[in-house]
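Enquirer: Chains as they are written, first to last, in the numbering used here: chain A, 3 to 333; chain B, 1313 to 1643. C-beta: ideal position from N, C-alpha, C; glycine also. Here the structure is a predicted model, which means the values were calculated and not measured.
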Amino acid sequence: MRRELRDESMNRREFLLRTAKAGAGVAATCFLAYWLYDGTPPGPLQEQDELVMLPDFSMPGLGPKMSIVTGGDRIQTVNRALKAIGGIEAFIKPGDRVLLKVNAAFATPPILSATTNPQLAAEVAHLCFKAGAASVVVTDNPINDPESCFNLTGIAEAARSVGARVFLPTEDSFEPTTVKDATLIRGWPLLYSPFVGINKVIGIAPVKDHHRSGASMTMKNWYGLLGGRRNIFHQDIHNAIKELAMMVTPTLVILDATTAMMTNGPTGGSLADLKRTNTMIASTDQVAADAFGATLLGKTVAQLPYISKAEASGVGTADYASLNPIRESTG
Amino acid sequence: MVSQPTKCETSIGFGILLVLAGIVIGVFLKQSHYNPAVLVRGALEAGIRAAPKADLSEEFLIEVAAGMVPMNPPEIFGPENLSDKINGRAELYLSAGFLRLLCQRFAEANDPSSWMEVFIYDMGIIRRAFAVYSVQRRPDAEKATFTEFAYRTENALFFLHGRYYVELIAAVTTQRMAEAMQVFAHTFIGKTEVQGGDIEELALFPREGLNEEGITFLISNAFGFDRFDNVFMADYALGNTQLTAFLSIRENPSEASELVAAYHGFLLANGGVNVESDIGVPGAKVVKILDSFEVVFSQGKFLAGIHAAQDRGQAEKHAIRLMQKLSGASG
């Protein structure tokens, strides 16, 4: 009889009661999960007013300019390329404080062309001083040890020889930044100290193959302004480069394709990876510069998605021909 | 007396069972759609467990480079920080199962500007070392004969020694430095004991027209097809035609034949057109795509074929040669 009663209550009231309790438990769990769920992506670590942002370093009212100069002597070609777009004086005014962002990523010798050519960096610094710059600082946050990189690439000695200051990053050189409308570079450490007081920025980059992104040119060059575990950006490299281009609006970029690294980039290692392409590009539009540089690597814009992405973000134009680049040769 | 459950209880019971079944199906489907990179990594990790422990000490390089002056302490990088040394090229090594990099710079005692950097990549097993060696091989380099897989360029020496892939990269192109690199390589090989182990696939390619230095081992994503992993490719010059033969040893014949069908489908989905052909290879598929011809077939547990042949006749003839060679190998 007792068994029958227990079975009877289980079959009806108790069963329904327990079902209702279980349902309420599930509902409560779902509600709790929903309440705890944060649908917004991880935001910057700092409050907005603690973040730094790089200002626009471009020359107002100058419009996009580009020159493409062929020749085997970097000193001659860079001078001609700058002259073709109005001369360095169009960009650097007396009293300006200039930052040259070189590619000193690796502790490799200049002959490998994995880094900015030291003579080219020195010549651009020299031209800035000649135009009246009050100071020129040369910097990068290399992949390897900064001091070794700047010394072995020859950039430190070359820059100092013309009076430029070499800024080697330390741990306290970085401040968090968030790029407007970016999804990757948010609250990320930016090599900021050398930018303090700077009002002109020139990027100087070699043309290189890159195992991950397809190419490393002027836009990828800004990668050296990031700190932290930036290699995670290689997982979404094209969007990362696009955001780097959004992060920096330079006064000018100089793309050195005197020797291009055609294979095994970005480090190379053998002279067999290099090809004499004898070209120097100066441009106020980094997207256009890279779009032209791609042709020297035998690649199309479609093969380097970051170029189109940067263009779509309004950084510049991939249709470099639309800028009517001035083409010259140093013979 | 035990009463029968009501319809309501039965329905709820079925509902719960259906939900559980749905979860099981969901888990099953999710597990059957792994990212190929995860599978490759898993296979590589299995290989790593089987690989002997790395035995190169930090002092080892100084010992090998006797007579040269170390410029910096030895550096060691693992999978977690390899990109700190070689940036974007790290992906190539990581996808091939990289274990450890030992590197150091050495200068000539009487000329500090004459220096080289030694990179010793421990890839765990010879097949993976061959993968990174073969993919980066400079096509016009001079073959070096001091070991089976070695070549030199104007400023560098690259070779394979068992599980180790070694790069010696110099900052200068002098004869003295070339000799120093050669001495280093000989000493390294003499002092470093490695387990034997042939790469059996290398002998399976027909010799006629084969470019011996043009055999490449791709760990994953061969020909842009994400299911083609562990594929050996060999370049051929046959008459006026160039083509690439490929082969891969699969787990069993059914996997090989299933991959044939999958690759055939991949080619057709990307604009390929079936070509009627009877080359006497059971199950072989011939596809014309982008003005070149692809042949794919299986022979036992071998997946094999011809890639990017300009001449259909040569592609078919060479497929037969390859099939005959594999037929002998598979018994």
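By the 8 Å beta-carbon criterion, what residues does the segment 1391 to 1404 of chain B contribute toward chain A?
Expert: Listed by position along the chain: Ser1395, Asp1396, Lys1397, Ile1398, Asn1399, Gly1400, Arg1401, Ala1402, Glu1403 and Leu1404.
Enquirer: Classify B/Met1489 as buried or exposed, calling it buried when 16 or more other Cβ atoms lie within 10 Å of its own Cβ.
Expert: Buried, since its Cβ has 16 or more Cβ neighbours within 10 Å.
Enquirer: If contact means a Cβ-Cβ distance below 8 Å, which residues of the segment 150 to 162 of chain A contact chain B?
Expert: Result list: Ser150 and Leu154.
Enquirer: So if I threshold CB-CB distances at 7 Å, which residues from the segment 1441 to 1456 of chain B count as touching chain A?
Expert: Correct list: Gln1448, Arg1450, Asp1452 and Ala1453.
Enquirer: Contact defined as beta carbons within less than 8 Å: I believe A/Thr297 pairs with A/Gly74. What is the distance between those atoms, to the nearest angstrom?
Expert: In fact, because the Cβ distance is near 19 Å, the residues do not count as touching under 8 Å.
Enquirer: Report yes or no: is there a C-beta of chain A within less than 7 Å of the C-beta of B/Ile1481?
Expert: Yes, B/Ile1481 lies at the interface with chain A (some Cβ there is under 7 Å from its Cβ).
Enquirer: Closest to A/Asn241 by CA distance: which of A/Ala207, A/Val140, A/Val181 and A/Thr279 is it?
Expert: If we check each option's Cα against that of A/Asn241, A/Val181 comes out closest.
Enquirer: One question on the structure: do A/Arg99 and A/Ala160 come within less than 7 Å of each other, judged by their Cβ atoms?
Expert: No, they are not a contact pair.
Enquirer: Is the CB of B/Thr1465 under 7 Å away from at least one CB in chain A?
Expert: Interface residue, yes.
Enquirer: Give a yes or no on whether the C-beta atoms belonging to A/Lys408 and A/Lys244 are separated by under 7 Å.
Expert: Past the edges of chain A, shown from 3 to 333, lies residue 408 of chain A, and the structure says nothing about it.
Enquirer: Given a cut-off of 7 Å, decide if A/Val203 and A/Thr141 are closer than it, judged by their beta-carbon atoms.
Expert: Contact: no.
Enquirer: Kindly indicate if chain B contains any beta-carbon less than 7 Å away from that of A/Ser115.
Expert: No, A/Ser115 lies away from the interface with chain B (no Cβ there is under 7 Å from its Cβ).
Enquirer: Quick check: what's the CA-CA separation for A/Ser315 versus A/Trp224?
Expert: So the two alpha carbons sit approximately 16 Å from each other.
Enquirer: My output table needs one value for B/Glu1588: the three-state DSSP class, helix, strand or coil.
Expert: B/Glu1588: coil per DSSP, three-state reduction.
Enquirer: So A/Gly271 contacts chain B; which residues on that side make the cut at Cβ distance below 7 Å?
Expert: Result: Ala1468, Glu1479 and Ile1481.
Enquirer: Any idea what DSSP makes of B/Glu1321, helix, strand or coil?
Expert: Helix at B/Glu1321.
Enquirer: I'd like to know if the segment 1605 to 1613 of chain B and the segment 1559 to 1576 of chain B are in contact, where contact means that at least 3 CB-CB pairs between them fall below 8 Å.
Expert: Yes, they touch.
Enquirer: In terms of residues, what are the limits of the alpha helix (DSSP H) holding A/Lys210?
Expert: From DSSP, A/Lys210 is part of no alpha helix (DSSP H) but of the beta strand (DSSP E) over Lys202 to His212.
Enquirer: Which residue wins for smallest C-alpha separation from B/Met1380, given the options B/Gly1409, B/Val1495, B/Pro1518 and B/Leu1530?
Expert: For the residues B/Gly1409, B/Val1495, B/Pro1518 and B/Leu1530, the minimum Cα distance to B/Met1380 belongs to B/Val1495.
Enquirer: Do you know how far the Cα of B/Ala1620 is from the Cα of B/Ala1549?
Expert: For B/Ala1549 and B/Ala1620, the distance between alpha carbons rounds to 12 Å.
Enquirer: Just to confirm my understanding: we take A/Phe176, look at its own chain, exclude 5 residues before and 5 after, and list those with CB closer than 7 Å. What are they?
Expert: Excluding sequence neighbours, A/Phe176 sits near Pro191, Leu192, Leu193, Tyr194 and Gly229.
Enquirer: Per DSSP, what kind of secondary structure is A/Gly271 in: helix, strand or coil?
Expert: Three-state DSSP puts A/Gly271 in coil, outside helix and strand.
Enquirer: Does the Cβ of A/Met12 have 16 or more other Cβ atoms within 10 Å, making it buried, or fewer, making it exposed?
Expert: Label assigned to A/Met12: exposed.
Enquirer: Smallest Cα separation from B/Glu1570: which of B/Ala1616, B/Arg1440 and B/Leu1530?
Expert: The option with the nearest alpha carbon to B/Glu1570 is B/Ala1616.
Enquirer: Is it true that the CB of B/Tyr1463 sits closer than 7 Å to the CB of B/Phe1470?
Expert: Yes, the pair counts as a contact, with Cβ atoms nearer than the cut-off.
Enquirer: Where DSSP assigns a beta bridge to A/Phe176, which residues make up the other side?
Expert: BP columns for A/Phe176 point to A/Leu193.
Enquirer: Counting Cβ pairs closer than 8 Å, one from the segment 1416 to 1435 of chain B and one from the segment 1379 to 1394 of chain B, do we hit at least three?
Expert: Verdict: yes, contact present.
Enquirer: According to the Cβ coordinates, are A/Cys130 and A/Ile77 closer than 7 Å?
Expert: It is not a contact, given that the beta carbons lie outside the stated cut-off.
Enquirer: Using CA coordinates, which residue listed in B/Gly1583, B/Val1593, B/Ala1568 and B/Arg1633 is at the minimum distance from B/Phe1614?
Expert: Ranking B/Gly1583, B/Val1593, B/Ala1568 and B/Arg1633 by Cα distance to B/Phe1614 puts B/Ala1568 first.
Enquirer: Hey, quick one: how far does the alpha helix (DSSP H) through A/Ala322 stretch, first residue to last?
Expert: Before going further, note that residue 322 of chain A is Tyr rather than Ala in the sequence given. Looking at the DSSP string, A/Tyr322 is not in any alpha helix (DSSP H), and its letter there is neither H nor E.
Enquirer: What is the rounded straight-line gap between the Cα of A/Ser331 and the Cα of A/Lys132?
Expert: Taking the straight line from one Cα to the other gives about 24 Å.
Enquirer: Since A/Leu306 and A/Met264 are thought to touch, with beta carbons under 8 Å apart, how far apart are those beta carbons, to the nearest angstrom?
Expert: Incorrect: roughly 14 Å between the Cβ atoms, too far for contact.
Enquirer: Does the pairing of the segment 162 to 173 of chain A with the segment 54 to 70 of chain A give three or more beta-carbon distances under 8 Å?
Expert: With the cut-off at 8 Å, the segment 162 to 173 of chain A and the segment 54 to 70 of chain A do not touch.
Enquirer: Does B/Pro1348 get closer than 7 Å to chain A when you measure Cβ to Cβ?
Expert: With a pLDDT of 39 at B/Pro1348, under the threshold of 50, the modelled position of this residue cannot be trusted, and the question is left open.
Enquirer: Tell me the DSSP secondary structure of A/Ala135 in three-state form.
Expert: Looking at A/Ala135 - three-state DSSP - the assignment turns out to be coil, as it is neither helix nor strand.
Enquirer: Using the beta-carbon count (16 or more within 10 Å), is B/Asn1564 buried or exposed?
Expert: With fewer than 16 other Cβ atoms within 10 Å, it is exposed.
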